[in-house]
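Before any comments, here is the structure.
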Amino acid sequence: MEIMLLAVASPEIRCEWRLDDWQVALVSTMVFLGFMVCGVLSGYVADRYGRWKVVFGGFVWSAYFSLLTSFAPTYGWFIFLRSMVGCGVAGVSQGFVLKTEFIPAKYRAFLLPLATIFWMTGSALIIVIGMLVVPTLGWRWMIRFSVTPSIILIFLFRFIPESARYNVLAGNMGAALKTLQRIAKMNRASLPPGQLAESATKDRGNWKILLSPSFRRTSLLLWYSWFVASFAYYGSVLSSSELLEKNLLCVTNADPEHQVKHRHEDGVCYCIPFGAGDYQTLLISSLGEVALVPLNIALLNVFGRKMSLTVLQLMTALLFMMVNVCTTMFGFTALLFLLRSLVSMNFNVVYIYTAEVYPTVARSLGMGFCTSFSRIGGMIAPFIAQVLMSQSVILALTPFAVACVLCALGNFLLPIETRGRALLQNS
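Per the working numbering, the sequence shown starts with residue 431, numbered consecutively.
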């Protein structure tokens with residue numbers, strides 16, 4: 431929801447504070463900076479003290495600072511408060527680890543891709559709120575309404591248990607057994623005979639595990655894969671809104687007409703709010719994130735994680751270059767639809783692979799490092815999609831395509847395939 435919210439709000443804050451392109455791009459970059467700084471920290475805390483605490487704290491933190499953003503009096507306050515939201519989102523991302531540790535190996539390839547549906551629902555909700563609220567009440571009320579799902583979820587957290595795998599590793603056998611009994615009761619089943627016998631380990635959250643001989647190559651390649659996944663995903667989101675806002679369809683090199691829309695006494699500023707057609711195009715392209723979920727599930731089960739990542743990145747590179755093809759609005763919407771499908775599938779698969787490849791003792795920390803590297807890509811993407819786009823559309827799209835091709839090669843060289851493999855507990 432976060433970046434889609436900024437994509438929808440960008441034309442409004444650009445006009446209200448008379449911002450240049452680089453200032454609009456800096457908003458998204460500051461969100462990713464907060465995410466990057468807190469990503470590793472949240473992973474370490476989740477491995478040391480539990481996943482549930484970090485995810486719950488992330489929701490509370492991000493909801494609080496997001497609400498404060500709606501009262502930001504100046505541009506400086508706005509970017510500071512959004513960077514604080516980014517810190518909270520870093521904790522929320524550990525929810526994927528919590529979910530993965532409850533799902534048996536044979537079901538992960540079927541159930542984990544379904545997370546994309548809820549990811550898309552958040553983006554679509556922001557677009558609908560923007561379409562209904564921004565023209566009448568403004569962007570501040572859009573942000574206030576967008577906090578509602580987080581507030582509801584905070585009150586529902588009492589129904590979400592701590593990871594049984596984590597509790598076993600932490601030596602808290604009683605809590606782990608209680609969680610498993612609760613799940614068995616809900617499923618009208620009984621626990622298998624035996625006792626939980628794994629001893630506690632004090633090596634939880636040790637970053638050296640990620641660079642040990644067993645995981646060094648995997649970690650280095652995954653960090654780049656996450657960088658590109660975020661770079662491509664947020665590049666596609668921000669590029670689509672930028673192309674629509676500045677009417678850059680069928681434009682290779684932006685001329686002055688597309689670079690300057692309105693002049694004010696204090697300087698140049700874009701004051702072009704989204705129209706109903708623009709919101710509809712964003713909404714349709716967002717639906718693309720779930721359109722190919724069945725294909726995503728098939729790829730994971732037939733080709734495995736590594737080959738899926740490789741194929742998806744190559745196809746994403748091709749679609750990025752095709753976005754520059756001069757076509758009708760329907761054709762442009764279709765290309766965005768497919769592009770969003772591919773980048774979303776890739777992000778989902780790299781989440782799944784990361785959660786599966788690392789042992790429980792360092793799974794959250796591994797996820798934290800990966801998400802932090804991904805935010806570096808997210809920090810760069812706005813300056814390509816929102817600043818360079820004003821100068822040359824083809825020049826702005828090329829870095830995304832090249833990065834995806836290089837990432838496909840790196841994914842092919844990953845040493846571990848996790849399809850059908852049980853989650854490791856210790857390194």
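The beta carbon of each residue, even a glycine, is placed where N, CA and C say it ideally should be.
Nearest C-alpha to M745 among Q524, L772, V732, S523: L772.
Three or more Cβ pairs closer than 8 Å define a contact, and the segment 646-661 meets that threshold against the segment 791-804. Note on G604: under 16 other CB atoms within 10 angstroms of its CB, so exposed under the neighbour-count rule. For R538, the CB contacts under 8 Å within the same chain, skipping 5 residues up- and downstream, are T530, I782, E786 in chain order. Burial check for S666: the Cβ neighbour count within 10 Å reaches 16 or more, so the residue is buried.
Taken through DSSP and simplified to helix, strand or coil, V475 comes out as helix.
Between the C-alpha atoms of V485 and C756 there is a straight-line separation of about 44 Å.
With respect to the 8 Å criterion, F465 and V519 are classified as neighbours on the basis of their beta carbons. Under a 10 Å Cβ-count criterion, A852 is classified as exposed, with fewer than 16 other Cβ atoms of the shown protein chains found around its own Cβ. Counting C-beta pairs closer than 8 Å gives three or more between the segment 830-844 and the segment 748-764, which meets the contact rule. Contact between the segment 558-578 and the segment 831-847 is absent: fewer than 3 CB-CB pairs across the two stretches fall below 8 Å. Residue state for T758 is assigned as coil, using DSSP reduced to three classes. According to the DSSP assignment, R793 belongs to the alpha helix (DSSP H) that extends over 793-812. When the beta-carbon positions are compared, W482 and L555 stay at least 8 Å from each other. The alpha carbon of I714 has as its nearest neighbour, out of R512, S660, R770, the alpha carbon of R770. Sixteen is the threshold: when 16 or more other Cβ atoms of the shown chains lie within 10 Å of the Cβ of P812, as they do, the residue is buried. Check the Cα spacing between T504 and each of L766, S472, Q453: the tightest is with Q453. Relative to the Cα of Q816, the nearest Cα in the group E446, R448, S496, V457 belongs to V457.
Contact between the segment 589-596 and the segment 467-482 is present, with at least three C-beta pairs closer than 8 Å.
C-alpha of K608 to C-alpha of K615: approximately 11 Å in a straight line.
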